[in-house]
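Report on the structure given below.
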Amino acid sequence: MSNILSSEHTALPTLRAGQKPRKIVGWKVYGDIGPDPAVVVVEHHTSNYDLPFLFLVKTFMGYGRIHFLMKSEWFRYGLGWFFKWIGGVPVIRDGSERRDTLGYAINGFINGHIKWLAITPSGTRARKRPSQKRACWKRGFLHIARGAKVPLVLAAIDYSRHEITLLRHDITSKPDDEVMAFCAAFFGEFAAGKHPTGETPVRL
């Protein structure tokens with residue numbers, strides 16, 4: 001499924017034609033993240049249930065550690081060891097320990113400490129109401145992929161059909177507007193959040 005070009009949006013409806021999905025805990029999984037490093041873009045992220053569910057899917061599919069960014073608050077109260085064990089990377093925004101998260105992630109790829117990094121550009125908070133959703137995506141996923149010179153893996157979660165669609169695509173060399181147009185078409189075709197009214201528009 002990696003031979004689709006960013007301009008061929010009309011090919012998306014037939015992207016999975018002939019693909020035999022893997023069935024995991026009642027869900028169908030199409031595609032693969034591939035063996036090489038990549039930034040994994042996960043959408044639509046509207047629920048805190050997305051993380052444990054995807055960890056379960058990752059385990060059943062036999063993938064190694066997939067790192068992911070999390071608010072540093074989750075690492076408090078004795079839970080830090082667990083989230084680090086499953087691949088969590090704390091995003092420290094305040095205080096003396098504040099760090100350059102994007103630079104940290106890029107160096108992680110370059111140094112070989114990170115192979116796959118999952119990111120939810122729409123944010124990290126559960127959004128059950130339209131008033132809670134962001135107006136646009138955060139652009140950090142593009143900075144990291146370009147800085148580390150790795151492709152994207154688009155990971156669409158469809159709660160309405162119990163399907164996950166994975167597409168590895170080296171699209172980051174394209175201008176931002178082309179990248180986002182392709183992402184909008186892909187997630188529009190294959191993703192549906194647990195709380196659809198909280199979905200963030202696919203734009204920067």
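Numbering (UniProt numbering) for the sequence shown: 1 to 204.
Glycine included, each C-beta is placed from N, C-alpha and C at the ideal position.
Euclidean distance between Cα positions of residue 102 and residue 43:
To locate residue 102, count along the sequence shown from 1; it is residue 102. To locate residue 43, count along the sequence shown from 1; it is residue 43. Cα to Cα, the separation comes out at about 20 Å.
Give me the DSSP bridge partner(s) of residue 68.
Numbered from its first residue, the sequence shown carries residue 68 at position 68. Answer is 88 and 118, bridged to residue 68.
By how many angstroms is the C-alpha of residue 189 removed from the C-alpha of residue 9?
Translated into positions along the sequence shown, residue 9 becomes position 9. Translated into positions along the sequence shown, residue 189 becomes position 189. Interpretation of residue 9 is limited by its pLDDT of 49, a score under 50 that renders its predicted location unreliable; no figure is taken from the coordinates.
Under three-state DSSP, which class holds residue 144?
Taking the sequence shown and counting its residues from 1, one reaches residue 144 at position 144. Three-state DSSP puts residue 144 in a helix.
From which residue to which residue does the beta strand (DSSP E) around residue 164 run?
Walking along the sequence shown from the start, residue 164 turns up at place 164. Residues 163-169.
Touching by the beta-carbon criterion (3+ pairs, under 8 Å), the segment 79-90 and the segment 30-38:
no
Whether residue 170 touches residue 151 by CB criterion (8 Å):
For the purposes of this step, residue 170 is taken as residue 170 along the sequence shown, with counting starting at 1. For the purposes of this step, residue 151 is taken as residue 151 along the sequence shown, with counting starting at 1. Yes. Within cutoff.
Taking just the CA atoms, how far does residue 200 sit from residue 191?
As a working note, residue 191 is residue 191 in the sequence shown. As a working note, residue 200 is residue 200 in the sequence shown. Whole-angstrom Cα-Cα distance: 12 Å.
Close-in-space but distant-in-sequence residues of the same chain around residue 91 (CB under 7 Å, 5 per side omitted):
For the purposes of this step, residue 91 is identified with residue 91 of the sequence shown, where counting begins at 1. Closer than 7 Å at Cβ, skipping near neighbours: 69, 70, 71, 72 and 101.
Where DSSP assigns a beta bridge to residue 137, which residues make up the other side?
Translated into positions along the sequence shown, residue 137 becomes position 137. The partner list for residue 137 (beta bridge, DSSP) is empty, contrary to what the question assumes.
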